[in-house]
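Engineer:
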Amino acid sequence: MSRWTLYNLIRSNQLRTVKIGRRRLVPANTLAECLDQLSEVAA
Numbered sequence: 033m034s035r036w037t038l039y040n041l042i043r044s045n046q047l048r049t050v051k052i053g054r055r056r057l058v059p060a061n062t063l064a065e066c067l068d069q070l071s072e073v074a075a
């Protein structure tokens, strides 16, 4: 998955992030759920 794909998912609120200071982090379980959903759609 490319960086730009992640940016687009975050921008469209399909990927939840957590902001800590200036950094915006994606929790590991959220990323795993998103990848599962995308693989189901592709299949």
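So the sequence shown is numbered by the numbering used here: it starts at 33 and just counts up by one.
Think of the CB as a built atom: it goes at the ideal place given N, C-alpha and C, for glycine as much as any other residue.
All of these numbers come straight from a predicted model, not from anything done at the bench.
Identify the residues that DSSP records as bridge partners of Leu57: which are they?
Structural biologist: DSSP, once it has assigned bridges, lists Val50 as partnering Leu57.
Engineer: Assuming Leu38 and Leu47 form a contact by the criterion Cβ under 8 Å, report the distance between their Cβ atoms to the nearest whole angstrom.
Structural biologist: Correct: roughly 7 Å between the Cβ atoms.
Engineer: Specify, as a first and last residue, the run of the alpha helix (DSSP H) that Asn40 falls within.
Structural biologist: Looking at the DSSP string, the run of the alpha helix (DSSP H) that includes Asn40 is 35-43.
Engineer: Which residues in the same chain have their Cβ closer than 8 Å to the Cβ of Cys66, if we skip the five residues on either side of it in sequence?
Structural biologist: Answer for Cys66: Leu41, Gln46, Leu47, listed in chain order.
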